[in-house]
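In our numbering, the protein residues as written are 8 to 162.
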């Protein structure tokens with residue numbers, strides 16, 4: 008049984024980013040893991056948080072009608088600068104964005120795409136980090152149907 012686990016090939020890996028320093032650190036692990044699994048697809052997912060109150064969403068659109076298009080352009084530019092140049096040609100990169108609650112969207116995406124391994128960074132022990140991403144990591148680890156590799160912050 009253990010031998011089978013060591014020989015498992017991952018076909019589809021999911022790297023989740025919030026553009027934090029530790030997400031960048033996790034990205035290095037994701038690319039290296041994809042390189043060690045020839046033919047593997049590396050999915051890169053960024054989840055855009057939805058405003059918690061719907062009236063804020065309406066207000067945002069009243070102030071700036073082009074908010075979605077501008078946000079997408081800015082995220083595309085960040086992805087093109089921070090991640091795409093560092094993916095070797097032998098690794099197939101698939102980029103996706105979702106809007107909503109990060110932990111829910113990560114789990115949904117993983118299930119929809121048949122992901123074999125989820126790779127994400129864990130934030131530090133600060134209160135804000137625990138609230139924003141610690142809860143995301145914890146829920147993904149608990150609810151995912153595939154293995155999850157959690158990368159701690161650098162010391």
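Beta carbons: idealized from backbone N, C-alpha and C, even for Gly.
Just so we're clear, the structure is a prediction, and the values are computed from it rather than from any experiment.
Where residue 43 falls: helix, strand or coil (DSSP): Per DSSP, reduced to three states, the secondary structure at residue 43 is coil, with no helix or strand assignment.
Starting from residue 113, trace the alpha helix (DSSP H) in both directions and tell me its first and last residue. For residue 113, the uninterrupted alpha helix (DSSP H) run begins and ends at 109-120, by DSSP.
Leaving aside the five residues before and after residue 145 along the sequence, list all residues of the same chain whose C-beta is less than 8 Å from its C-beta, in chain order. none
Apart from the five residues just before and just after residue 20, which ones in its own chain have a Cβ nearer than 8 Å to its Cβ? 37, 40, 41, 44, 47, 48, 49, 50, 122, 123, 124, 125 and 126
Are the CB atoms of residue 157 and residue 148 nearer to each other than 8 Å? Cβ distance < 8 Å, so residue 157 and residue 148 count as in contact.
So what's residue 54 in DSSP terms, helix, strand or just coil? strand
Other residues of its chain near residue 159: CB distance less than 6 Å, five sequence neighbours each side excluded: 129
Residue 28 to residue 97, Cα distance in whole Å? So the alpha carbons of these two residues sit roughly 25 Å apart.
Looking at the structure shown, is residue 150 part of a helix, part of a strand, or coil, going by DSSP? Correct three-state label for residue 150: helix.
Do the CB positions of residue 94 and residue 86 come within less than 8 Å of each other? no
Suppose contacts are defined by Cβ-Cβ distances below 8 Å. Is residue 102 in contact with residue 23 by that definition? Taking the C-beta atoms as reference points, residue 23 is found no nearer than 8 Å to residue 102.
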